[in-house]
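First up is the structure itself, then whatever we jot down about it.
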Amino acid sequence: MNEELEKLREKVKQAKGTSVLAEEAGDARRIYNYCIHLLARQDYSEYKLRQKLRSKPQNLPHMIDEVIPKLKERGLLREESYRRLFIRKWMMKGESEDKIRRRGSQEKLTFEAEEFRMVEQELGITDEDSIEKLVAKKLRSKEIPKNPLEKQKLRDKVLRFLISKGHDFSDAKKAINQFFGNQSTADFE
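The sequence shown begins at 1 in UniProt numbering and counts up by one.
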């Protein structure tokens, strides 16, 4: 009788073990399908995708670690494409290369200089063009004051704006002076 009971217990343990394995495989499949759903909508970096998956409590870390390599292997997680889109997005907003690099490092992204050159070529925007557009955008609805003090305040405001976008002080100053017609570069320095 005891032997039969022991055999029965053994079979139950084996059955439980296989059901746990099947459940884990189902969870991995669910995470994989969720990743495909996310990646179909937009590109993600590996770091961002892991963050997104970890935000859901039912996604266990070892399951996530199992799914990410499968996505990479099948070419669904394209880090290069995400980096290019990341650069493009921030360049369109007028950010400097240095500031884009800093933003990317927060997301564990590393960029090569040639990636920036490719996006610049693709968009047809250089750093100087970007600065000029930002100055024009900031001043388009403003009337340039005649009062030198008010004019200086406006210049300083635009300069701070350009520096906040990560542009170099000297480049920003040059663009502002060019926009104001170089009439009073001495009083700005």
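Here a beta-carbon is modelled for each residue, glycine too, at the ideal position from N, C-alpha and C.
_Proximity to R78 [Cα-Cα], best of L49, K133, F169, G26_ = L49
*Go through its chain and collect everything with a Cβ distance to T126's Cβ below 7 Å, but skip five positions before and after it.*
E120
*asked:* Measuring only the C-alpha atoms, how far is A28 from R41?
replied: 20 Å
*Please check the pair I163 and F169, which I expect to be a contact at CB under 8 Å, by giving their CB distance rounded to whole angstroms.*
Yes, I163 and F169 are in contact; Cβ-Cβ is about 6 Å, under 8 Å.
*Output the distance between the C-alpha atoms of A172 and Q58, rounded to the nearest integer angstrom.*
Roughly 49 Å between the two C-alpha positions.
_Host alpha helix (DSSP H) of N147 (start-end)_ = Looking at the DSSP string, N147 is not in any alpha helix (DSSP H), and its letter there is neither H nor E.
*If you pair each beta-carbon of the segment 126 to 136 with each one of the segment 90 to 107, do three or more pairs fall below 8 Å?*
yes
*How is A186 classed by DSSP in three states: helix, strand or coil?*
Caution is warranted here: a pLDDT of 42 is assigned to A186, below 50, making its placement in the model unreliable, and the coordinate value is therefore given only provisionally. A186 falls in the helix class under three-state DSSP.
*So, is I36 buried or exposed, given that buried needs 16 or more other C-beta atoms within 10 angstroms?*
exposed
*asked:* Let me make sure I understand the geometry here. Which of L149, D156, P148 has the alpha-carbon closest to that of V135?
replied: D156
*Out of S45, R84, Q178, point me to the one whose CA is closest to L123's CA.*
Restricting attention to S45, R84, Q178, the CA atom closest to the CA of L123 is found in R84.
_N- and C-terminal bounds of the alpha helix (DSSP H) containing I125_ = Where I125 is concerned, there is no enclosing alpha helix (DSSP H), given that its DSSP letter is neither H nor E.
*Are L109 and L76 touching if we call contact CB-CB under 8 Å?*
no
*Note the first and the last residue of the continuous alpha helix (DSSP H) segment covering F169.*
169 to 179
_Taking only three categories from DSSP, how would you classify R78?_
coil
*Does the distance from the C-beta atom of residue 271 to that of P148 stay below 8 Å?*
Since the displayed the chain opens at 1 and closes at 189, residue 271 lies outside it and no answer follows.
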